[in-house]
Amino acid sequence: MAQLTLATDDDGGPEIFASVQGEGPSAGMPCTFIRLSRCNLACVWCDTAYTWRFEGDAQNPPRPHRDDAMFDRKANQVTLDIADVAARIEALGQNRLIVTGGEPLLQSPALAELLKQLPDMTVEIETNGTTTAPGGVDIWVDQYNVSPKLAHSGNAAELALIPERLRSYSIDKRAFFKFVVASEADVDEVAELVRAHALPKARVFLMPEGTDSETLRTREQWITQSCLKHGFRMSDRLHIHLFGDTRGT
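Residue numbers (my numbering): 17 to 265.
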């Protein structure tokens, strides 16, 4: 039977939980989240480094992160059968499912099996945009929340910003682009990517980088002006205001 590898919550169980979507075009909508483990990128400001920055990884030195925190793989990953995952999702009683990570499309074969068991769910996939979903996943997806990583993430552009992937998402009306920004220079980079890859401005969001309300609110002041200037949309991070920077929220 197919299995998925999930991140863990604070109690060591799988990070599957009901909440409201905190970001992007469906912010505020009730949903169930499932957080899958593993990622092919390494953002220095990542707030879910427990999905990819593990002690004992072969890469030396470890992929960089501003906190330099390392995580025990066994304590932060759990592998479950697809039927178990589907049952946990259904038990939470929501009709919208957010599949996040890490990078969830790294587990596409098992993910396809999961979504097949949840045919009535409205499904959002949160992805860094470096890959596209195979048909077995794509057929079940209602919305892609694509978050390409800018230079300030610390990822090399040739790994994080793949032209054919960006163009593929740009012509998919289910795809929305969510750029994490910390400075006006980041917005300039977004504007160039929008121009170079014909990303529809109506589906482009600027979201402040930050894991506390004060930082988010401060950055949103100038991000608002950037949105007015460029015709982009702004995304808050509601879960940070509601729950802080915590797992399972």
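C-beta: ideal position from N, C-alpha, C; glycine also.
**Request:** Just tell me which of F195, V196, P224, T148 has its CA closest to the CA of I187.
**Result:** T148
**Asked** Since S229 sits in a beta bridge, which residues does DSSP pair it with?
**Response** For S229, which the question treats as bridged, DSSP gives no partner whatsoever.
**Item:** Pairwise C-alpha distance: T234 and V203
**Value:** 16 Å
**Item:** Any 3 or more C-beta pairs closer than 8 Å across the segment 103–122 and the segment 73–88
**Value:** no
**DSSP bridge partner residues for N161 (one or two, in chain order)** = Partner(s): E142, F192.
**Prompt:** Which two residues bound the contiguous beta strand (DSSP E) that contains F248?
**Reply:** Segment: none, F248 is in no beta strand (DSSP E) and carries neither H nor E.
**Residues sharing a beta bridge with M223, DSSP** = V196
**Prompt:** Do the segment 61–78 and the segment 120–136 touch if we need at least three Cβ pairs shorter than 8 Å?
**Reply:** Short answer: they don't touch.
**Message:** If you reduce the DSSP assignment to three classes, tell me which class P10 lands in.
**Reply:** Limits of the chain in this structure are 17 at one end and 265 at the other, which puts residue 10 out of reach.
**Message:** According to DSSP, simplified to helix, strand and coil, what is L266?
**Reply:** Residue 266 falls outside the range modelled here, since the chain spans only 17 to 265, and no answer is possible.
**Asked** In whole angstroms, what is the alpha-carbon distance linking Y185 and A172?
**Response** C-alpha separation (whole angstroms): 20 Å.
**Item:** Residue interval of the beta strand (DSSP E) (run including I50)
**Value:** 46–51
**Request:** Pull up the CB-CB distance for N56 and L122, whole angstroms please, since I reckon it's below 8 Å.
**Result:** 6 Å
**Prompt:** Could you give the distance in angstroms between the alpha-carbon of E71 and the alpha-carbon of R183?
**Reply:** 36 Å
**Contact under 8 Å by Cβ, R69 with M86** = Yes. Within cutoff.
**Cβ separation of I178 and Y160, assumed to be a contact under 8 Å, to the nearest whole Å** = That pair is no contact at about 15 Å.
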